[in-house]
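Take our numbering: the last position of the sequence shown gets the number 143, and nothing is skipped along the way.
Working notes, structure below.
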Amino acid sequence: MILGIGTDLCDIRRIESSLERFGDRFTHRVFTDGERGKCDRRAARGPSYARRFAAKEACAKALGTGMSQGVFWRDMEVVNLPSGQPTLNLTGGAREHLARMVPAGHEARLHLTLTDEPPPRASLRDHRGGADHGDIIGLHPHILRVAGRRSIV
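Rendered as structure tokens:
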């Protein structure tokens, strides 16, 4: 069962401008220590921060809260699985809100995809809860393909 889907486009130039104008004030407000460490090690910091920014916006939309109702930027951290696949680690208000969305006896599965084409960054996010954990085959910024007899959404 799909509990929420969120998508976001983020212009890299906007993030680069925020990095230049506000520096650490911006990055410390929006990104976790782990995200800042990963982004700051890259030669091109702007695209790396933009991907994470888009993922957080998409997640907030999938939760149905935006950046309100106790959900804050740093409650959502973009991390990578051992395979390299991106996902989100939710804490604080984001985690609590997701827990309220998931029906009893079900487990939330978070799926995330990020684009790498400048200047915008896109992120498509969904929250799933259910016994059938393997429904999503692939994600694209404009197409969600679902396994089984369901059609492209």
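Note that the Cβ used here is the ideal one computed from N, Cα and C, for glycine as well.
Do residue j and residue i come within 9 angstroms of each other at the CB atom, strictly closer than that value?
| i | j | result |
| --- | --- | --- |
| Phe62 | Gly36 | no |
| Arg99 | Val68 | no |
| Arg26 | Thr17 | yes |
| Leu45 | Asp(-2) | A quick correction: the sequence has Ala, not Leu, at residue 45. Yes, these two residues count as a Cβ contact at 9 angstroms. |
| Gly60 | His87 | yes |
As a quick exercise: from the options, pick the residue whose alpha carbon is nearest that of residue i.
| i | options | result |
| --- | --- | --- |
| Asp23 | Phe12, His87, Asp65, Ala94 | Asp65 |
| Asn79 | Ala94, Leu9, Leu102 | Leu102 |
| Met91 | Gly54, Phe21, Gly13, Ser58 | Gly54 |
Could you pull the DSSP bridge partners for residue i from this structure?
| i | result |
| --- | --- |
| Val69 | Thr77 |
| Ala94 | Looking at the DSSP assignment, Ala94 forms no beta bridge with any residue, so it has no partner. |
Given residue i, which residues of its chain have a CB within under 7 angstroms of its CB, disregarding the five upstream and five downstream residues?
| i | result |
| --- | --- |
| Thr77 | Val69, Leu71, Leu100, Leu102 |
| Met57 | Ala50, Trp63 |
Beta-carbon within less than 8 angstroms of residue i's beta-carbon, same chain only, minus the 5 sequence neighbours each way: which residues are those?
| i | result |
| --- | --- |
| Cys29 | Thr17, Phe21, Arg35, Ser38, Tyr39, Arg42 |
Going along the chain, which unbroken runs of the alpha helix (DSSP H) with 4 or more residues stay wholly within the stretch -2 to 61?
-> 2 to 12, 14 to 20, 23 to 30, 35 to 53
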